[in-house]
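Heads up: the structure comes next, in structure tokens.
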Amino acid sequence: MSFRDLRSFLQFLEENGGLVRIREEVPPVYGIARVEREYDGKSALLFERVKGYEIPVAANIFFSRDCVAHALGLEKAEVTEAIIRAAKNPTRVNEVTTGPVKEVVAKKVNLLDFLPIPKHFEKDVGRYISGGVIIAKDIETGTRNVSFARMWMKEENKIIVMINYYRHLYAYIQKAEAQGRPLEVAIVIGPDPVVWLEGGMPERLVPGDMDELEVAGSLAGEPIDVVRCESIDLEVPANAEIVIEGEVLPNIRESEGPFGDFSRVYDMPPRLNPVIEIKAITHRKNPVFLDCLPGSVDNLLLGGIPREADLLDFARKAVPCVKRIHLTTGGCCRFHAVVQIDKKFDFEPYHAIMAVLSPTEAARDIKWVVVVDRDVDPSDPKDVEWAIATRVRWDQDLVTIPKMASTLDPSSKGRVPSNLKLIYGAKVGMDATIPLEHPEFVAFYQKTEVPGED
Ligand code: MN
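Take the sequence shown: its letters are residues 0 to 453, numbered as in numbering that gives the first Met the number 0.
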């Protein structure tokens with residue numbers, strides 16, 4: 000079973016040695032991020048005392064792949080297929096009249112004074128809600144979208160939110176703007192871990208006509224309990240810690256950034272982004288704020304695990320020999336992919352490379368792909384390097400694709416400060432499978448085995 004709220008997951012982590020309580024007082028500016036980096040990939044955290052605030056902060060909750068699997072009530076090897084299945088089999092939400100998130104309802108709060116929102120990095124423009132899930136409804140169809148976006152808490156009741164043009168939420172905003180209307184949004188902080196992961200689902204895997212709270216219910220194994228908001232026409236998870244209600248103001252953009260991003264570089268120069276005006280906040284009596292340090296394992300897995308599912312679903316339809324896909328943590332779970340195939344012909348690795356470097360959403364930013372055989376574990380970096388070392392002929396097994404661009408990759412930014420020119424990058428694919436052209440040589444590539452080991 001998955002966990003029904005953040006605090007039951009934190010309790011599970013603590014009981015299993017996966018949570019460290021930080022009891023000394025920590026400042027929200029840089030202090031939280033310093034400790035998050037120290038425990039990155041090692042442990043979840045609960046900051047009990049944040050200087051100047053009453054509310055504790057949880058962080059690093061997805062510090063390992065095992066941790067994500069536990070959050071879903073699954074084994075590590077089951078996660079990808081479970082996500083693909085859930086995305087195709089939505090479960091209706093369960094509307095309830097009230098829930099823990101309604102324990103305190105407030106219309107007028109200075110959020111900068113109330114919420115322990117951290118400033119993570121030296122050059123960040125300010126304090127960011129980096130782990131907040133945004134729920135919004137398509138104004139025509141009523142379909143609910145659940146997504147992440149970085150949110151700069153610029154003023155006590157005003158957020159500047161970065162939303163990429165290809166996101167469903169951006170399309171929702173544009174539809175509302177075309178009618179001169181604001182788009183109502185609910186920012187959920189500290190939902191249950193399944194709804195949190197849902198925020199990372201790529202647009203192709205969960206298309207715009209699918210209700211993402213229903214997909215989350217399917218992934219959770221039971222419907223998500225939702226309650227109606229106070230000031231806007233939206234439903235939000237009843238078991239969340241905090242919900243901020245607001246609206247995106249139509250046809251207004253303000254400068255946002257720099258922001259230290261998942262890629263561990265700053266996204267800059269500043270972008271012009273939409274503005275959210277806050278109308279109300281509801282929360283539990285003793286709420287927990289959830290932070291997500293950009294570039295941490297927590298942040299990378301949150302984005303990377305749903306992307307792996309999307310890519311596998313896409314690539315194996317195009318090229319059926321594709322069996323597994325792993326996005327490496329070193330490659331920010333975004334730029335580097337290892338693809339395992341069941342190879343029968345020497346052209347198949349190249350078909351797999353083309354699929355995984357294609358312009359579909361989850362592949363758009365991938366710039367390096369290695370294709371391996373069934374005897375190599377794509378999630379084991381040593382095994383992958385072994386395959387590269389013993390199976391790649393550098394003059395024959397590489398393909399490069401020029402004139403590529405990603406605004407996230409500093410080496411191929413399609414957007415430069417002056418906007419006067421594009422800087423193109425390139426993508427590369429590497430065939431690290433055993434060549435079949437000379438069947439009599441295949442034996443040279445076989446791994447050594449010890450009889451009886453397994
Ligand atoms: Mn969506």
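Just so you know, even glycine gets a beta-carbon here, dropped at the ideal spot from N, CA and C.
The model shown is predicted, which means the values in this text are computed figures rather than measured ones.
Contact test: residue i Cβ vs the ligand MN heavy atom, cutoff 6 angstroms
i	result
His-167	yes
Val-205	yes
Asn-163	no
Asn-250	no
Asn-144	yes
Exposed unless 16 or more other CB atoms sit within 10 angstroms - verdict on residue i
i	result
Leu-419	A caution first: Leu-419 carries a pLDDT of 46, below 50, which makes its placement in the model too unreliable to give a value.
Gln-406	Reading off the sequence shown, one finds Thr at residue 406, where the question assumed Gln. With fewer than 16 Cβ atoms within 10 Å of its Cβ, Thr-406 is classed as exposed.
Ser-262	buried
Pro-438	exposed
Arg-270	buried
Phe-443	exposed
Thr-447	exposed
Glu-221	exposed
Met-0	exposed
Pro-206	exposed
Tyr-171	buried
Ala-425	exposed
Ala-76	exposed
Ala-219	buried
Asp-112	exposed
Arg-22	exposed
Glu-197	buried
Arg-306	buried
Gly-303	buried
Leu-435	exposed
Pro-358	exposed
Residue-chain proximity (residue i, chain C), Cβ-Cβ < 7 angstroms
i	result
Ile-21	Among the protein chains of the structure shown there is no chain C, as only one such chain exists.
Cβ-Cβ distance between residue i and residue j below 7 angstroms
i	j	result
Glu-155	Glu-246	no
Ala-431	Arg-390	yes
Ala-361	Pro-201	yes
Ile-54	Ala-43	no
Met-429	Leu-397	yes
Glu-244	Asn-272	no
Val-370	Ile-340	yes
Tyr-52	Pro-115	yes
Ile-159	Glu-253	yes
Trp-367	Val-427	yes
Gly-130	Leu-289	yes
Ala-58	Glu-35	yes
Ala-386	Ile-365	no
Ala-279	Lys-106	yes
Ile-241	Pro-117	no
Asn-144	Glu-37	no
Thr-281	Asp-208	no
Val-355	Ala-314	yes
Pro-89	Val-214	yes
Arg-466	Glu-47	Given that the chain is displayed from residue 0 to residue 453, the structure contains no residue 466 and the question cannot be resolved.
Ala-454	Leu-204	The shown model of the chain, from 0 to 453, leaves out residue 454, and the question about it has no answer.
Ala-388	Pro-192	no
Lys-122	Pro-257	yes
Ser-411	Ala-404	yes
Asn-238	Arg-3	yes
Val-49	Val-78	no
Gly-259	Phe-344	no
Whether or not the stretch 6-23 and the stretch 82-90 are in contact is what I'm after, with contact meaning three or more pairs of Cβ atoms, one per stretch, closer than 8 angstroms; do they touch? no
Runs of alpha helix (DSSP H) wholly within the stretch 228-311 (minimum 4 residues, chain order): none
Three or more C-beta pairs closer than 8 angstroms, one from the stretch 90-104 and one from the stretch 314-330: is that the case here? no
Segments of 3+ residues assigned as beta strand (DSSP E) that fall wholly inside the stretch 364-392: 367-371
Would the stretch 157-169 and the stretch 217-236 be scored as touching if the rule is three or more Cβ pairs under 8 angstroms? no
Below 8 angstroms, can you find three or more Cβ-Cβ pairs linking the stretch 178-195 to the stretch 124-138? yes
Are three or more beta carbon pairs between the stretch 216-232 and the stretch 96-104 nearer than 8 angstroms? yes
Let me know the alpha helix (DSSP H) ranges lying completely inside the stretch 333-365, each 4 residues or longer, listed in chain order. 347-355
Which parts of the stretch 161-235 are runs of the beta strand (DSSP E), unbroken and 3 residues or longer, counting only runs that do not cross its ends? 182-188, 224-227
For the stretch 292-308 and the stretch 329-348, state whether three or more C-beta atom pairs, one from each stretch, are separated by less than 8 angstroms. yes
Any chance you could list the alpha helix (DSSP H) runs of at least 4 consecutive residues sitting entirely within the stretch 80-115, in chain order? 110-113
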